[in-house]
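Visitor:
In my numbering, the protein residues as written are 117 to 215.
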């Protein structure tokens, strides 16, 4: 299960994820991003309450990064040590801006 909280303010979109980002929930996350990302120049994704991310979830983050490379910036915040390790092992630490 994945809970997605969004806050859109002008061209800044903040998204907080809670639960598991996996094959089942990745399409829901992708849809939530695509609904609002068109005019966004600053995208912040808060992973403080994310427990797990699969390759399907990583694919959505990569897609969001590619979009934001063209129109602004993407920042990942509050990743747990487990999620950071997944980013490190997969090389996503080199692709994403992680705070």
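Heads up, the beta-carbon is just placed ideally off N, CA and C, and yes, glycines get one too.
So what's residue 155 in DSSP terms, helix, strand or just coil?
Guide: Locating residue 155 in the chain shown gives position 39, counting from the first residue. If DSSP states are grouped into helix, strand and coil, residue 155 belongs with coil.
Visitor: Can you tell me which of 164, 173, 193, 168 puts its alpha carbon nearest to the alpha carbon of residue 148?
Guide: Position 32 of the chain shown, counting from 1, holds the residue named residue 148. It is 173 whose Cα lies nearest to the Cα of residue 148.
Visitor: Distance, Cα to Cα, residue 191 vs residue 211?
Guide: Counted from its first residue, the chain shown places residue 191 at position 75. Counted from its first residue, the chain shown places residue 211 at position 95. If I take the Cα positions, the gap works out to 11 Å.
Visitor: Roughly how many angstroms separate the alpha carbons of residue 175 and residue 169, rounded to a whole number?
Guide: Along the chain shown, read from residue 1 onward, the residue named residue 175 stands at position 59. Along the chain shown, read from residue 1 onward, the residue named residue 169 stands at position 53. So the two alpha carbons sit approximately 10 Å from each other.
Visitor: Could you tell me whether the Cβ atoms of residue 216 and residue 159 are closer together than 7 Å?
Guide: Given that the chain is displayed from residue 117 to residue 215, the structure contains no residue 216 and the question cannot be resolved.
Visitor: Less than 7 Å between the C-beta atoms of residue 193 and residue 167, yes or no?
Guide: To locate residue 193, count along the chain shown from 1; it is residue 77. To locate residue 167, count along the chain shown from 1; it is residue 51. Taking 7 Å as the Cβ cut-off, residue 193 and residue 167 do not qualify as a contacting pair.
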